[in-house]
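*Asks:*
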Amino acid sequence: EDKVVQSPLSLVVHEGDTVTLNCSYEVTNFRSLLWYKQEKKAPTFLFMLTSSGIEKKSGRLSSILDKKELFSILNITATQTGDSAVYLCAVRRGGGSNYKLTFGKGTLLTVNP
Amino acid sequence: ETGVTQTPRHLVMGMTNKKSLKCEQHLGHNAMYWYKQSAKKPLELMFVYSLEERVENNSVPSRFSPECPNSSHLFLHLHTLQPEDSALYLCASSQDPGGNQPQHFGDGTRLSIL
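What follows is the structure in structure tokens.
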């Protein structure tokens, strides 16, 4: 059974800090890893990673995948209160069930002013 | 605005009631999904539809009955639910189920069973 473990489960920081969120996974026939940000409503898509060692970047957020060690990190620099959310990691397998995303429990990030 | 609209936003119902959740996507996608999000648990996939055909029923109890009349609309019909069914129900869509495209989520329906 596919498995996604995120750490830490929660994190409290001050504005301006840099944070690193972790996601480790076990999946049959790995295809891609996705990061989502969930505030009170819909999870919104951040990144999709398929290749090891290639950093994806969007503003203050960046993410990288290590397919050998089976993990990904999401970095947020110069955090702002608007970054407060639950960050979800999900993996997709290839093959016949390649529509299925397996999610982790998420990391709750709180950024205090 | 994610392009995926869910109604109602909140629903409170008794265990003997029948109600339906609605999802509509405006993204031209061909695949739609229902997920359940309970407190302190990962998002759980319930159903997947591809071009209006169900391709996954992830061991969901029969008191949940999905319907996909066309590629833009998805319903989840509810009857005789249990208190443990209280959760956030999220709808998502993607370009197609087999491609490597991200799923886009609606805001969800917060369901409370009395």
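Chains as they are written, first to last, in the numbering used here: chain H, 10 to 122; chain F, 25 to 138. All C-beta atoms, glycine included, are put in the ideal place defined by N, C-alpha and C.
(1) What are the uninterrupted segments assigned as beta strand (DSSP E) that are 3 or more residues long and contained completely in the stretch 20-78 of chain H, given in chain order?
(2) Should N38 (chain H) be labelled buried (16 or more other beta-carbon atoms within 10 Å of its own) or exposed?
(3) Compare the beta carbon distance of H23 (chain H) and N121 (chain H) with 7 Å and say whether it is the shorter of the two.
(4) Taking a contact to mean a Cβ-Cβ separation below 7 Å, would you say T151 (chain F) touches L35 (chain F) in this structure?
(5) Among F:S86, F:R78 and F:P85, which has the Cα closest to the Cα of N92 (chain F)?
(6) If you compare alpha carbons, which of F:V84, F:Q125 and F:T26 is closest to E59 (chain F)?
(7) CA-CA distance, V21 (chain H) and E48 (chain F)?
(8) Cα separation between M57 (chain H) and G52 (chain F)?
(9) Any beta carbon of chain F sitting closer than 7 Å to that of G104 (chain H)?
(10) For chain H, check one thing: does any of its Cβ atoms lie closer than 7 Å to the Cβ of L67 (chain F)?
(11) K114 (chain H) touches chain F at which residues, Cβ-Cβ below 8 Å?
(12) Would you tell me roughly how many angstroms separate the C-alpha atoms of S86 (chain F) and P52 (chain H), rounded to the nearest one?
(13) Quick check: the Cα distance between S60 (chain H) and E108 (chain F), rounded to an integer number of angstroms?
(14) Does the beta carbon of K66 (chain H) sit closer than 7 Å to a beta carbon anywhere in chain F?
(15) The beta strand (DSSP E) that contains T133 (chain F), what's its start and end?
(16) Beta carbon of Y34 (chain H), beta carbon of L97 (chain H): below 7 Å?
(17) Report the residues of the stretch 39-59 of chain H with a CB closer than 8 Å to any CB of chain F, ordered along the chain.
(18) Counting only runs of 3+ residues fully inside the stretch 25-91 of chain F, write out the beta strand (DSSP E) ranges in chain order.
(19) Starting from the Cα of F129 (chain F), find the closest Cα among F:S136, F:K43 and F:Y113 and give me that residue.
(20) Which one or two residues does DSSP pair with N94 (chain F) in a beta bridge?
(21) Is it buried or exposed for T26 (chain F), if we count other Cβ within 10 angstroms and need 16 for buried?
(22) With a threshold of 7 Å between beta-carbons, can T133 (chain F) be considered close to chain H, or not?
(23) Is the CB of V72 (chain F) under 7 Å away from at least one CB in chain H?
(24) Is there a Cβ from chain H that is less than 7 Å from the Cβ of F129 (chain F)?
*Replies:* Checking against the coordinates, here is how it stands:
(1) 28-35, 39-47, 52-58, 65-67 and 70-75
(2) By 1-based counting over the first sequence, the position of residue 38 (chain H) is 29. N38 (chain H) is exposed by the Cβ-count criterion.
(3) The count along the first sequence starts at 1 and reaches residue 23 (chain H) at position 14. The count along the first sequence starts at 1 and reaches residue 121 (chain H) at position 112. In contact: H23 (chain H) and N121 (chain H) (Cβ atoms closer than 7 Å).
(4) Since the first residue shown for chain F is 25 and the last is 138, residue 151 (chain F) is missing from the structure and cannot be characterised.
(5) Against the second sequence, residue 92 (chain F) aligns to sequence position 68. The sequence as given places Cys at residue 92 (chain F); Asn does not occur at that position. For the residues F:S86, F:R78 and F:P85, the minimum Cα distance to C92 (chain F) belongs to F:R78.
(6) Taking the first residue of the second sequence as 1, we reach residue 59 (chain F) at position 35. The sequence given here places Tyr at residue 59 (chain F); Glu does not occur at that position. The residue with the shortest Cα to Cα distance from Y59 (chain F) is F:V84.
(7) Position 12 of the first sequence, counted from the first residue, corresponds to residue 21 (chain H). Position 24 of the second sequence, counted from the first residue, corresponds to residue 48 (chain F). Looking at the two C-alpha atoms, the distance is approximately 36 Å.
(8) Start at 1 with the first residue of the first sequence, and residue 57 (chain H) comes out as number 48. Start at 1 with the first residue of the second sequence, and residue 52 (chain F) comes out as number 28. For M57 (chain H) and G52 (chain F), the distance between alpha carbons rounds to 20 Å.
(9) Locating residue 104 (chain H) in the first sequence gives position 95, where the first residue counts as 1. It does not; no Cβ of chain F falls within 7 Å.
(10) Indexing the second sequence from 1 puts residue 67 (chain F) at position 43. Chain H contact via Cβ: present.
(11) Along the first sequence, one-based indexing puts residue 114 (chain H) at 105. The answer, in chain order, is K64, K65 and P66.
(12) Residue mapping note: residue 86 (chain F) aligns to position 62 of the second sequence, counting from 1. Residue mapping note: residue 52 (chain H) aligns to position 43 of the first sequence, counting from 1. C-alpha separation (whole angstroms): 27 Å.
(13) Locating residue 60 (chain H) in the first sequence gives position 51, counting from the first residue. Locating residue 108 (chain F) in the second sequence gives position 84, counting from the first residue. The straight-line gap from Cα to Cα measures roughly 39 Å.
(14) If you number the first sequence from 1, residue 66 (chain H) lands on position 57. Not closer than 7 Å to any Cβ of chain F, the Cβ of K66 (chain H) fails to qualify, so no.
(15) Within the second sequence, numbered from 1, the residue matching residue 133 (chain F) stands at position 109. Looking at the DSSP string, the run of the beta strand (DSSP E) that includes T133 (chain F) is T133 to I137.
(16) Position 25 of the first sequence, counted from the start, is the residue given in the question as residue 34 (chain H). Position 88 of the first sequence, counted from the start, is the residue given in the question as residue 97 (chain H). Against a cut-off of 7 Å, the Cβ pair of L97 (chain H) and Y34 (chain H) comes out as no contact.
(17) R40, S41, L43, Y45, K50, A51, P52, T53, F54, M57 and T59
(18) 28-31, 34-37, 42-49, 55-61, 68-74 and 77-81
(19) On the second sequence, position 105 is the one that residue 129 (chain F) refers to. Here the closest residue by C-alpha is F:Y113.
(20) For this step, residue 94 (chain F) is matched to residue 70 along the second sequence. N94 (chain F) pairs with F:H97.
(21) For the purposes of this step, residue 26 (chain F) is taken as residue 2 along the second sequence, with counting starting at 1. With 16 or more other Cβ atoms within 10 Å, it is buried.
(22) Here residue 133 (chain F) is taken as the residue at index 109 of the second sequence, counted from 1. Taking Cβ atoms only, chain H never reaches closer than 7 Å to T133 (chain F), which makes this a no.
(23) Locating residue 72 (chain F) in the second sequence gives position 48, counting from the first residue. Interface residue, yes.
(24) As a working note, residue 129 (chain F) is residue 105 in the second sequence. For F129 (chain F), the answer is yes, since a Cβ of chain H falls inside 7 Å of its Cβ.
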